[in-house]
Every structure is written in structure tokens, then in C-alpha cells.
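> In this note's numbering, the protein residues as written are 184 to 381.
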Amino acid sequence: MRYSVTCECGAQLEVSATQAGSTLPCRRGDTVDVPTLSVLRKSAGQSAIPLNTVERIRAMIQSGELPNGEICPYSHRPANCTVYFHVQCERSWVRGGDNDTSATDILFILVIGWIGLLFSAFRSRPREEHGRETSIELPLRVSGNASAKIVSLRQQKKLNKLLREVPIYAELLKEFPDAKVQPLSFAECHSDSTVTSP
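#1: Starting from L323, trace the beta strand (DSSP E) both ways and give me its first and last residue.
#2: Tell me the DSSP bridge mates of I254?
#3: What would DSSP say about P208, mapped onto helix, strand or coil?
#4: So, is S350 buried or exposed, given that buried needs 16 or more other C-beta atoms within 10 angstroms?
#5: Nearest CA to the CA of L220: which residue from Q202, S246, S368 and L249?
#6: Let me know if R324 comes out buried or exposed under the rule of 16 or more other beta-carbons within 10 Å of its beta-carbon.
#7: For T214, which residues does DSSP report across the bridge?
#8: Which same chain residues, not among the five before or five after L346, have their C-beta less than 7 Å away from its C-beta?
#9: Return the CA-CA distance between A227 and C209, expressed in angstroms with no decimal places.
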């Protein structure tokens with residue numbers, strides 16, 4: 184992305200992110216101190232630190248940009264309800280540690296006895312935690328007639344296709360292709376401000 188920096192002489196200079204923090208010559212002979220990247224990003228209306236897709240979606244929900252859309256992606260009728268989906272993007276998992284007894288360890292203990300037990304104790308791996316718990320609730324505008332059908336969907340392929348109709352959700356599912364999507368069991372209908380459940 185290109186950013187604009189103003190020289191003391193008033194001239195505008197276009198800079199890239201890689202030029203942040205440097206000093207550049209102005210067209211009129213002066214030198215321009217290019218601000219840090221966080222300052223450049225703020226001046227362009229972006230967050231100081233780049234946000235990942237989950238953080239961007241949360242910010243969009245909080246600012247009221249989501250949910251959006253006037254047409255239901257399921258029925259292609261006017262959207263007057265909002266269905267929420269729980270998306271488990273990533274789960275943490277543990278390898279090693281005290282609870283990691285392999286079939287080989289059991290075989291050594293059974294065949295060799297206490298020597299096998301000793302061998303498996305020295306062979307044990309340290310506990311390693313991988314990944315992180317990442318989940319988000321996504322609102323999707325749908326028609327009131329389709330909300331009960333959508334809430335009852337369980338096939339990941341259909342749920343993913345539905346969410347991919349919103350570009351930022353498609354970006355999320357591209358970033359986390361193994362994400363598990365689950366519709367929550369209610370829909371907020373906006374025409375009469377009531378909450379319906381299937």
C-alpha cells in the first residue's frame with residue numbers, strides 16, 4: 184500500500200511501507216522524515232497494527248458494519264432476520280507430557296517388565312501445546328422464512344457456502360479451512376423485533 188507524507192515545503196510524497204522510518208529527498212531538495220509504519224497506517228485510516236481476519240470481523244460487528252446484506256443467501260428473498268453462527272476456527276492440542284502413553288510404551292512394559300517401564304520413563308516427551316483456541320460468532324442476515332431451515336443445517340459444506348456469501352467471512356474460511364461452523368439455535372427477526380426459535 185502507498186502512503187502520503189507531506190514535506191515542510193508543502194509537497195506531497197508517496198511512500199511505501201518499506202520506507203517507514205527512513206529519510207527521503209523531496210522534489211524541491213529538502214529531506215523528508217518518513218514516520219513509522221504505525222503512524223503511516225493511522226494516517227491512512229487503518230489500525231496501527233495490522234489486524235487478523237478474526238479481529239477485523241469483531242471490529243466490524245462492534246462498529247455495526249456487520250451483519251449487512253439485503254438479500255438472504257439461502258432463499259434469495261429479502262433479509263429481515265439475523266442468524267448467528269459459532270465458528271471454531273482453531274483448537275489447541277497437547278503432545279507429550281504425563282498423559283501421553285503410547286502403544287510402544289505399553290508393549291515395553293508388558294514384555295520387559297520394570298526395565299521397559301524405566302525405558303519408557305526416559306523416552307517420555309515434554310508437554311508441548313500447539314495451536315490456540317480461536318472462535319467467533321458471526322451474524323448473517325437471512326429471510327424469516329429461511330431462518331428455521333438455516334438453524335437446522337448441519338452439513339459443513341452447506342454452512343461454509345452460506346457464510347462465504349459475505350466477503351470477509353469467505354476470507355476467514357480461507358484462512359481457517361478446517362473451521363467448524365455451527366448455527367446457533369435462534370434467529371433475531373428485525374421486522375417485528377421478536378426472537379424466534381425453530
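In this text, a Cβ means the ideal position worked out from N, Cα and C, and glycines have one as well.
Inspection of the coordinates gives the following:
#1: To locate residue 323, count along the sequence shown from 1; it is residue 140. Counting along the chain, the beta strand (DSSP E) containing L323 begins and ends at T317 to V325.
#2: Stepping through the sequence shown from its first residue, residue 254 is reached at position 71. Answer is P261.
#3: The residue given as residue 208 occupies position 25 in the sequence shown. Three-state result, P208: strand.
#4: Taking the sequence shown and counting its residues from 1, one reaches residue 350 at position 167. A quick correction: the sequence has Pro, not Ser, at residue 350. Per the 10 Å Cβ criterion, exposed.
#5: Numbered from 1 along the sequence shown, position 37 holds the residue referred to as residue 220. Out of Q202, S246, S368 and L249, the CA that lies nearest to the CA of L220 is found in Q202.
#6: Translated into positions along the sequence shown, residue 324 becomes position 141. By the C-beta density criterion, R324 is buried, having at least 16 other C-beta atoms within 10 angstroms.
#7: Stepping through the sequence shown from its first residue, residue 214 is reached at position 31. Residue pairing by DSSP places T214 opposite P208 in a beta bridge.
#8: Working through the sequence shown from its first residue, we reach residue 346 at position 163. Spatial neighbours of L346 in its own chain (CB-CB distance under 7 Å, excluding positions within 5 residues in sequence) are listed in chain order as F268, L321, L323, Y352, L356 and V364.
#9: As a working note, residue 227 is residue 44 in the sequence shown. As a working note, residue 209 is residue 26 in the sequence shown. For A227 and C209, the distance between alpha carbons rounds to 20 Å.
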